[in-house]
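Participant: Handing you a structure now.
Protein chains in written order, with the working numbering: chain A, 476 to 899; chain B, 2 to 285; chain C, 1094 to 1595.
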C-alpha cells in the first residue's frame, strides 16, 4: 500500500511539472494600434491616471471631464492624482507600472526620463500641430536627439524680481544696485537663493556661459565662453553682495513672502519663482511689483541678468496600457483652451503662442515679467544630473561673506565648477 | 569644619540647580518654540521674532478640517494602525529571537548571533528599491500591510538588548521547571515572559515609535497613493517647496499632534524603559 | 588578576588596568577574528566535502524508496508511514519547480548578462508598440531571489534525503518511525529554537539579507545615470567601480575625484563619530550624575525636561532645528537680542568648521537624553563607599568623576559605546535633515563638508544616480563597521561571561 502511494506521488509530481511547462506562455509586448479614423487607435474601456501638482489638480479634473465628454462613444475613466512636479521623474522611475499614464513635469527632468526610457515621445500624428502652436523655445527644450518627447504645458517655469512698490521704485528695480540701495534705505532685506544651482547659475550665465546640451555619453556641453568675461561678472556679483552684505541674504525663496507678510516687513525685494506669485501678490496687494531680473554693472556696462528658464511638459508614460488615448489626452490638456484656463485660474504662463498673446496673460504682472525675462535666459534643457551641486557650490563661492572678493579665486572656482559638471 | 562642609554642599547643590535649570531650558526650548509657533496666527511660514504676537487654534483647525489635499487625520490613523500591528509583530519577533539566543543552545547559535549583529550595519536606503520590488512581486505595494511588513520584518535583528536582559535571569529557574516536566515552550510563556515586563515595554515602545518617524522608505512604498501616507511623509510634504510657504505653520501644529501622544506614552513607561535598557543594553 | 584583586586597586589603577587590558587584547582579537574567518572557510570546504560524501553514501546504502526520494522528495518518508512529512516534502518540491518554471527560471537564464534588449518603442505599420524588453534591475533582483530560494530548497532537499535514510534505518532496526504529532511536539521542546527562529529568520532573509546581496552585487555592475533600466541595460563590470573609489588624485584643476572625496569624507566621518560618541557619553553622564546627586530635589522634573526630547520624532525636531539655525532663524534672533552677535551667522552654511561644530552640538542635544536614560541606572549601582573613601582622601567631584565614575562606566558600558559609535558612523538623520551636507566644496564629488559617508551614499543615488558607486562605498563602510563591532563585542565581558548563569 505504502509503496503504491509513493509511486503515485512520483507520477503526480512529474505530471505537475509537465503541466507547469505547458502553461508558461505569455506575450510581453504591449500593442496599440492607431487606425485611420479613430484617434484612440481602437482602444476602448480606457482607464487613465493623470499626475498634476496639487495646485492644478482641481482644474485638471475639470479639463479631463471635458475631454471625456468629447468622446461620448468611448468609455473613458480618468483619475487625477496629486503629485508634486519636483518628484515626478523620480516617482516615475521608482515604478513606471504603477505611475501615471499622463504626467506633468518640469524641463530639467526630461533628460532623466529619456535616459531611463520611461517616457513615450510625441507621436508623429501630433508633431506638426504641437510644433506650430507652441513657442519655438518650448519645443526646442523638449527635443532631445531630434525627437520631441513631451507636450509643452507652460512657458513660465522660471523666476523673476518681486518687490514692494512702497520701497523699491520701478526705476530702482531696473538695476541690481538700485534694488539693493532702495532696500538698504528702508532697512529691509533682499532675498535670493544664491546657494542653489537653479538660481546661482545666473552668475556665470550673465557672464556669457551657456549650456548647449549633452554629448552622447551624457557629458554636459558648454558654449565657447570667454572665461575672463565670466570671471569679471562673477566678480561684480561678489563685490556687490559683499558691499550690501547687511541687505543681501541668501535664503529659500519662500522667505521672500514670509518676510513681506510680517507686521513690520523685513524683506523688500527678492528673486522668487512664478509658483509663489499668487501668495506674494496676496501679501503685497497694490504694492506688488514684478519685473524681469535687473541689470548689474560690470566694468561700467550694465549687463542684463541671464536666468535659467524652464518649461513644464505633459508626458506620456511608455508603460501605459492605453498609449494612444494617453497621447490624445496629453494633446488635449496642452491645447490652447486648457492653457488659457490655467493662465486664468492658477496664473500659469502658456507655451501656446496664441494663449500667450491673450489679455489674460498681458494683465498678469508676474507672467509678464517672466515672459520678458525669458528673452534673457538659457533654456533649462538637457541638464546633466551633475549640474546642480557644482553650480550651487559656485554660488556659495560668490556670495559668502567669508570668501574673498578676488578674481583668481573666482577663476579657480569657475574652472572647478565646469570640470565638476563635466565630471572629467 | 562641619559648617564649611555643609556650606560647600549647599554651594555645590545651588550650582547644580543653576546648571540643571540652564541646561533644561536649552533642551526644552526648541519644543517650547515648536508649541508656541504652532499657535501662531500671523505671518506666513516664518517670522523674525521669537514669541508670536497673536495666538489661535487656526493651524490645528486647518490641519484637521482642510483635508482635501493633505489629509492629516487619515494619515494619523494610518500611522496608528501600522504602529500597533508592527509593534505587536516586532515585539514577538524580538522576544523569540532573543530568548532563543539567550536560553537555548543549538549549533548555529553563535554564527547567527554574529551575523545578526552586523546585518543591521548596512546603509538601508540602498536596499529600499529591492524591498519595493519584492513587495511588488507579492502584490503589496502602496498598502499599509507592506508598511507593517517592512517595519517588523527586520525587527528580529534588534535582539541584543533583550538578550542581555534574558541573560540576567538565572538559568536555575529554567532547570527547576524542566525537572518539573515543563517544555521549553511553557518555560518561555509561563516563567520568562512574566519576568520580562521592562524589556517587553522597552521593545514595544521602540517599535511603536518607528513608524511615526520614517519618511524615506514609506514614501517609496506608497508612491502616489496619498490616502495611505503616514504622518511622517505627510509632515515632510508640508515642508517641501510646494507647500512650505502656506503650510509650515500647519507642519508645526501637526508635529505637536504627533509628539504629544508619544511623549505621554514615553513618560508613563519611562521607568520600564530605563530598567530594560539598563539591564539589557550595557551589562558588562 | 581576579575580581577581588581588581576591586582592591585604586580607581586610577583600575582605569589604567582596563585600558591596558583592552589595547593588549586588540591584536589578539584581530588575529582571532581573521583566524575565525579562515576557520570558517576551512570548515565550509570540509563540510561540503563531508556533505557530498554522506549524500553519496546514503544513496548507495538506501533502499528503493530512499533512492527514489533523491528525485521525488518525500517518497522515502511516505513508504515508511510518515505520510504527512512525506507530502510536505513533495509539496515543497512541486512548489519550487512551479516557481522555477513560471517565474525564476527566466531570470536565472539572463543573470549572466543582465539582459540583452532594453525596452523601446517600435512603430509597426502605423501602430505604436512598446517592446517590453529586459530590465537589468529586475533580472538582478529576482535572480538573487531565485538563488536564495534555491539555496533554501537545497537545504530542504538534503534534509529530505537524510530523513528518508533515517526512516529506513529506524524501520530496519524494527522500530516505528516517529509520527508527525511527536515531531510537532518536539518543536515546542527540544527543537524549540527552530520554532522560535523560523519566522524571524524567514522575514530577515527576504527583507534584509536578500536586498543586501542585491546591493552588494550592484557594486560590480555599471548601474549609473547612463545605464538606467528600463530604457537601457546595465551589466557586470567586475571591480571597476572599486578602482574608481581608490583612484587617489587630490583634484587639482580637474574635476573633483571620487577617491579624494571618499578619503576626505572618511576622515570627517571618523572625527564626527568620535566627537559625537564621546561628547554625548561624557556630558550625558555628567548631567545624569547631577540629576541623581544626593540632596537634589525634583529629580523627576529634571529628568523629564531632557527625556521629552527623545519622544519627539527626530525628523520633526531636526527640521525645526534647521529652521532655527537659518540666517533669519530663532537662534540668530536670540543671539542678536542678547547682544552675543551683531550680524546674522549662517551656522550650517558658512565655514566648514563652524558647520561641523554646529552639527556636533546639535547632535549632543539629540543624544544626551539617551545617555541619561541609559546611564542613570548604572550610575546608581556604583558602590557608594568608593566615593566616600575618595572624599576622605580629599578628592573633589571632578577628580572622583575621572578616577571612579568614568573608569567604572567604561568598564561596564563598552558594548553600548561601540553600538553608539557605529550608530554615529551611520547617523543619517542628523546630517541629512540639519545641514544636508553643506557647505559645499568644489573639490568634493557631489558632497559637502559635513557629509558623512552615509549621506554621500544617499546623494549619489538621489542626485547623480551613481548606484554602483554608492553600493561600493556602502560595502566599504560595512566592512569597517562589521569588523570593528565583531572584534569588540567578542572581546567584551558580555560575550565571554555569557554562560555565567548556566
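Glycine residues also receive a C-beta, built at the ideal position from the N, C-alpha and C atoms. The structure presented is a predicted model; accordingly, all values stated were derived computationally and were not measured.
1) Within a Cβ cutoff of 7 Å, which residues of the same chain sit near residue 596/A, ignoring the five residues on either side of it in sequence?
2) Out of curiosity, what's the CA-to-CA distance linking residue 1136/C and residue 103/B?
3) If you run the structure through DSSP and keep just helix, strand and coil, what is residue 1542/C?
4) Answer yes if the region 1304 to 1315 of chain C comes into contact with the region 1558 to 1565 of chain C, meaning at least three C-beta pairs across the two stretches below 8 Å, and no otherwise.
5) Who are the Cβ neighbours of residue 1453/C in its own chain at under 8 Å, not counting the five residues just before and after it?
6) Here's the rule: buried if 16 or more other CB atoms are within 10 angstroms of the residue's CB, otherwise exposed. What is residue 498/A?
7) Whole angstroms are fine: how far does the CA of residue 240/B sit from the CA of residue 256/B?
8) Under a CB-based cut-off of 9 Å, is residue 1396/C close to chain B?
9) Alpha carbon to alpha carbon, how far is residue 777/A from residue 867/A? Give it in angstroms, no decimals.
10) Taking the straight line between their C-alpha atoms, what separation do you get for residue 694/A and residue 150/B?
11) Could you check which residue in 15/B, 34/B and 9/B has the C-alpha nearest to that of residue 1426/C?
12) Is there at least one Cβ from chain A nearer than 9 Å to residue 1147/C's Cβ?
13) Have a look at the DSSP bridge pairing and note the partners of residue 581/A.
14) With which residues is residue 776/A paired in a DSSP beta bridge?
15) Counting only beta-carbon separations shorter than 9 Å, does residue 1254/C have a partner in chain B?
16) I'd like to confirm the pairing. Which residues does DSSP put opposite residue 278/B in its beta bridges?
17) Taking the alpha-carbon positions, what's the residue 68/B to residue 869/A distance?
18) Taking only beta-carbon positions, decide if residue 1304/C is within less than 9 Å of chain B.
19) Going by DSSP, which residues form a beta bridge with residue 667/A?
20) Going along chain B in order, which residues have a C-beta closer than 7 Å to the C-beta of residue 1410/C?
21) Residues of the region 862 to 879 of chain A in Cβ contact with chain C at a cutoff of 8 Å, in chain order, please.
22) At a Cβ threshold of 9 Å, is residue 1344/C touching chain A?
23) I need the boundaries of the beta strand (DSSP E) containing residue 526/A, first residue and last residue.
24) Which class does residue 645/A belong to by DSSP, given the choice of helix, strand or coil?
25) With 9 Å as the C-beta to C-beta threshold (strictly closer), list the residues of the region 547 to 575 of chain A near chain B in chain order.
26) Let me check one thing: in DSSP terms, what residues is residue 553/A bridge-paired to?
27) Name the chain C residues that come within less than 8 Å of residue 892/A, Cβ to Cβ?
28) Could you list which residues in chain C have their beta carbon closer than 9 Å to that of residue 276/B, in chain order?
29) Any idea what DSSP makes of residue 802/A, helix, strand or coil?
30) To the nearest angstrom, how far is it from the Cα of residue 882/A to the Cα of residue 707/A?
31) I'd like the list of long-range same chain contacts for residue 659/A, defined as Cβ closer than 6 Å, with 5 residues on each side in sequence excluded.
32) Say whether chain B places a C-beta atom closer than 9 Å to the C-beta of residue 1422/C.
33) So, is residue 2/B buried or exposed, given that buried needs 16 or more other C-beta atoms within 10 angstroms?
34) Could you have a look at residue 1595/C and say whether DSSP puts it in helix, strand or coil?
35) Is there a Cβ of chain C sitting closer than 9 Å to that of residue 498/A, yes or no?
36) Compare the beta carbon distance of residue 1558/C and residue 1354/C with 9 Å and say whether it is the shorter of the two.
Facilitator: This is what the structure holds:
1) For residue 596/A, where only same-chain residues beyond five positions count, the Cβ hits under 7 Å are 622, 623 and 624.
2) 25 Å
3) coil
4) yes
5) 1365, 1368, 1369 and 1372
6) Residue placement at residue 498/A is flagged as unreliable, the pLDDT there being 39, under the threshold of 50; a coordinate-derived value is accordingly withheld.
7) 12 Å
8) yes
9) 25 Å
10) 41 Å
11) 34/B
12) With 9 Å as the cut-off, residue 1147/C does not count as an interface residue toward chain A.
13) 787/A
14) Paired residue(s): 773/A.
15) no
16) Its beta-bridge partners do not exist; DSSP assigns none.
17) Each residue's alpha carbon lies about 41 Å from the other.
18) yes
19) 725/A
20) 31
21) 863, 864, 865, 867, 868, 869, 871, 872, 875, 876 and 877
22) Confidence at residue 1344/C is low in this model, with a pLDDT of 49, below 50, so its placement is unreliable and no value can be given for it.
23) 521 to 527
24) The answer is coil: DSSP assigns residue 645/A none of H, G, I, E or B.
25) 556, 557, 558, 559, 560, 561, 562, 566, 569, 570, 572, 573, 574 and 575
26) 523/A
27) 1535
28) Residues of chain C passing the Cβ test: 1470.
29) helix
30) 7 Å
31) 722
32) yes
33) Model confidence at residue 2/B stands at a pLDDT of 49, short of 50, so the residue's coordinates are unreliable and nothing is read from them.
34) Only weak support exists for where residue 1595/C lies, its pLDDT of 35 falling under 50; the coordinates are left without a value.
35) At residue 498/A the pLDDT is 39, less than 50, meaning the model places this residue with poor confidence; the figure from the coordinates comes in the next sentence. Answer yes: the Cβ-Cβ gap between residue 498/A and chain C drops below 9 Å somewhere.
36) no
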